[in-house]
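K.L.:
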Amino acid sequence: RGLLFLGGAGTLGGRTRRRLRLLRPVLLGRRPTRGARAARGASADGPAPAPALQGRVVAGVELQGRRHTLPRVIWRELHTRPGSPLSLDTLRADVQRLDNLDIFSSVHTELTPLGPDSVRVAFRLRELPPVVAYLSYDVTDQDGWSFGPAVKAVNLLGRDLFVAGYALFGGRTRVLLDLSQPWLAGDHLSFDLDVARIARRDPLRGFDETSLEITPRAGRWIGAHGRTCVAASYLRFEADRPGHALSPVN
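Each residue of the sequence shown is one higher than the one before, counting from 1 in the working numbering.
1. Looking only at its own chain, which residues have a Cβ that is under 7 Å from the Cβ of Q142, when we skip the five neighbours before and after it?
2. Note down, in chain order, each residue of its chain lying with its Cβ closer than 7 Å to the Cβ of A52, except the 5 sequence neighbours on either side.
3. Between which two residues does the alpha helix (DSSP H) carrying T90 extend?
4. With three or more C-beta pairs closer than 8 Å as the rule, is the segment 84-94 touching the segment 199-211?
5. Answer yes or no: do G186 and H68 have a C-beta to C-beta separation smaller than 8 Å?
6. Reducing DSSP to helix, strand and coil, say where P242 ends up.
7. So, helix, strand or coil for A153, using DSSP?
8. Are the Cβ atoms of R174 and D138 separated by less than 8 Å?
9. Cutting at 7 Å between CB atoms, please list the residues of its own chain near A167, excluding the five before and the five after it.
10. Taking the beta carbon of H225 as the centre, do at least 16 other beta carbons fall within 10 Å, making it buried, or is it exposed?
11. What is the DSSP secondary structure of R56, reduced to helix, strand or coil?
12. R126 and F104: beta carbons closer than 8 Å?
13. Which residues bound the beta strand (DSSP E) around I198?
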């Protein structure tokens, strides 16, 4: 028998995007420490102090290091534009928004003066691998260990589309799919989908149980700092013997 749950949520600040907690592959490496970032000038902590460049006309904005990400995915996060006066606060916010996408291992900016009144801004990006396959595992006191293949794409098709999933076998069989698109259309309209199926043996009561859960979410921004979302969750539980589920049959 299936159950349907509805819910909603709103937040101030923060992000509505969810990331599946899978075993992080070693291939993703580590982000630079704060000290290492500061040594290179500008970073996710903001551009290095450059008061002499404040207010100069931005002659150009360059994106360096982009390989897989679509240009529009980056440009829609930037408020620093050619022809506008340079604002270090705006530039710092641009860097933070790019870092929040979770598709770059590092984000830096480089300011190059061009004559007495203008400046060129360069965003130096290092992308995470678009798709990574690895081995995942799960362990519980009730079912013991389970192992299986997993795949994670943090930037599928260069669209900032997060897709992850795994299939684990052993103490219990668990198949999971997680999809997240934080900016699908309009004013940060987002969509998330979680699908999980679990099959296990209950040795204490002597029956096999299977559960299926499907949870879609839709959200959007409210102004610059507000977030709201609505979610619905469908849960189905089955057993191979009568009397162990809500239905009298199974």
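Think of the CB as a built atom: it goes at the ideal place given N, C-alpha and C, for glycine as much as any other residue.
Just so you know, these numbers come straight off a predicted model, no measurement behind them.
P.N.:
Well, looking at it:
1. In the sequence shown, residue 142 corresponds to position 142, counting from 1. So no residue of the chain qualifies.
2. In the sequence shown, counting from the first residue as 1, residue 52 sits at position 52. Closer than 7 Å at the Cβ level, and outside the excluded window around A52, lies no residue.
3. Numbered from its first residue, the sequence shown carries residue 90 at position 90. Residues 88-100.
4. no
5. Stepping through the sequence shown from its first residue, residue 186 is reached at position 186. Stepping through the sequence shown from its first residue, residue 68 is reached at position 68. No, they are not a contact pair.
6. To locate residue 242, count along the sequence shown from 1; it is residue 242. P242 falls in the coil class under three-state DSSP.
7. Position 153 of the sequence shown, counted from the start, is the residue given in the question as residue 153. Reduced to three states, the DSSP call for A153 is strand.
8. Translated into positions along the sequence shown, residue 174 becomes position 174. Translated into positions along the sequence shown, residue 138 becomes position 138. Taking 8 Å as the Cβ cut-off, R174 and D138 qualify as a contacting pair.
9. In the sequence shown, the residue the question calls residue 167 occupies position 167. So the qualifying residues of the chain are G148, P149, V175.
10. Counting from 1 along the sequence shown, the entry for residue 225 is found at position 225. That one is exposed.
11. Counting from 1 along the sequence shown, the entry for residue 56 is found at position 56. Coil, per DSSP.
12. Working through the sequence shown from its first residue, we reach residue 126 at position 126. Working through the sequence shown from its first residue, we reach residue 104 at position 104. Yes; because the gap between Cβ atoms is below 8 Å, this pair is in contact.
13. Here the question's residue 198 lines up with position 198 in the sequence shown. Run containing I198: 189-202, per the beta strand (DSSP E) assignment.
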